[in-house]
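Residue numbers (this note's numbering): 740 to 1103. Backbone N, C-alpha and C fix where the C-beta goes; we use that ideal spot for every residue, glycine too. A quick write-up on the structure given underneath.
Laid out in structure tokens, this is it:
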């Protein structure tokens, strides 16, 4: 059996408290943001779509790009995903990796103006709903479903139920830690789970398991981003250029069967607790944007806006935008081409592809 990646890129049930705490801490973001600087810190946590930052750092690619622009960029691994976002929100880091839902519901909802600098990928099968002894989602009516509450698994369940005209009112959600999901499904009393890879593949291999819905059916809804503080980026465009240049230099290698690409995937497999084949299995369940032009095209599409609209509605319904949010419009979100969602006077999450476009144009 493939050894699971030691990661949690998804939210825990502690999010509501975290959101409220971040709303209070947002006013304490250091004034150092609003100035030109020459050193920066970016936080990352282990997940297949983010662990490339480890290779970018250790291979010297980051240093090469930072040197090009006369800056220093420290790439810091944080073992606790939520804590890394909280630290970014509190101003301890200039950037962090996060899903689009978490970028919206923690820093942006907490008042920290945040820019999605790099759209690295979206889940394309890595998240899914598995039922035991049934392949009909409608059979979930009246049943319990084990998942990490308030995570993207919870969001995926909502979309799965909606696909057959049902809602969460028709089922009972049982909050279950990701470390316990596989063991839980192996017991007679647990019939349905929603989880992510590699746990998803482990569950789906069990007797009687049916993978009935996965993220490939909602493409673009679960996005993996590298985000930075908007004011920091405005004052220090060199940071954006260095990060995007370094990231897509590696992507140009990782997405090929070249010796360099295989070497990178093997190293990242080992770093994430599996091997090259195991890591490549994770990549297979993701739509990776190996080329910056593809990332720009995606985030500029109407489909990307529609997906984020669905995510923000779910976030509001679950109270993830904070107790003071009167509607899903509370936090404004901007996209390329002047498209917006929510309050245009409170834009706090910005999908700005300008730096990725520079990479596509070979202008970095």
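Is residue i buried or exposed, if buried means 16 or more other CB atoms sit within 10 Å of its CB?
i, result
"residue 1021", "buried"
"residue 859", "buried"
"residue 968", "buried"
"residue 875", "exposed"
"residue 992", "buried"
"residue 934", "buried"
"residue 892", "buried"
"residue 1083", "exposed"
"residue 1087", "buried"
"residue 828", "buried"
"residue 995", "exposed"
"residue 925", "exposed"
"residue 962", "buried"
"residue 809", "exposed"
"residue 1034", "buried"
"residue 880", "exposed"
"residue 1043", "buried"
"residue 999", "exposed"
Spatial neighbours of residue i within its chain, please: C-beta separation below 7 Å, excluding the five flanking residues on both sides.
i, result
"residue 1094", "856, 979, 980, 983"
"residue 1103", "980, 983, 984, 1097"
"residue 899", "868, 876, 952"
"residue 938", "743, 917, 920, 921"
"residue 1004", "993, 1015, 1018, 1019"
"residue 801", "795, 812, 814, 985"
"residue 901", "none"
"residue 936", "865, 1021, 1024"
"residue 840", "891, 894, 1050, 1054"
Can you give me the Cβ contacts of residue i inside the same chain, cut-off strictly under 6 Å, excluding the 5 residues immediately before and after it?
i, result
"residue 792", "783, 814"
"residue 951", "868, 870, 874, 876"
"residue 1091", "854"
"residue 918", "none"
"residue 1031", "987, 1095, 1098, 1099"
"residue 990", "1029"
"residue 836", "783, 789, 965"
"residue 797", "none"
"residue 903", "876, 877"
Enumerate in chain order the residues of its own chain whose CB-to-CB distance from residue i is below 8 Å, with the five nearest sequence positions on each side excluded.
i, result
"residue 1081", "1051, 1067, 1068, 1069, 1070, 1071, 1072"
"residue 897", "906, 907, 1053"
"residue 882", "910, 911, 930, 931"
Kindly give me the distance between the Cβ atoms of residue i and residue j, rounded to whole angstroms, as I take these residues to be in contact under 8 Å.
i, j, result
"residue 1007", "residue 790", "5 Å"
"residue 954", "residue 862", "4 Å"
"residue 972", "residue 838", "Residue 972 to residue 838, Cβ: 20 Å. No contact."
"residue 1075", "residue 1049", "Their Cβ separation, rounded to whole angstroms, is 19 Å, which puts residue 1075 and residue 1049 out of contact at 8 Å."
"residue 959", "residue 1046", "4 Å"
"residue 785", "residue 834", "Not a contact, Cβ separation roughly 17 Å."
Handout entry: Unbroken stretches of the beta strand (DSSP E), 3 residues or longer, contained in the segment 807-854
Key = 811-816, 834-838
Practice task
Give, in chain order, every unbroken run of the alpha helix (DSSP H) that is at least 4 residues long and sits entirely within the segment 1027-1062.
Solution key: 1031-1038, 1041-1056
Handout entry: Cβ pair count under 8 Å reaching 3, the segment 1004-1017 against the segment 843-850
Key = no
Practice task
Would you mind listing the beta strand (DSSP E) stretches within the segment 865-904 that are 3+ residues and don't spill past its ends, in chain order?
Solution key: 866-871, 883-886
Exercise for the section: Determine contact between the segment 871-891 and the segment 912-928, defined as no fewer than three beta-carbon pairs at a distance below 8 Å. Expected result: yes
Exercise for the section: Evaluate the contact criterion for the segment 816-831 versus the segment 1046-1066: three or more CB pairs, one atom per stretch, below 8 Å. Expected result: no
Exercise for the section: Give a yes or no on contact between the segment 866-873 and the segment 944-953, applying the rule of three or more CB pairs nearer than 8 Å. Expected result: yes
Handout entry: 4-residue-minimum alpha helix (DSSP H) runs that sit fully inside the segment 946-978, ordered along the chain
Key = 969-974
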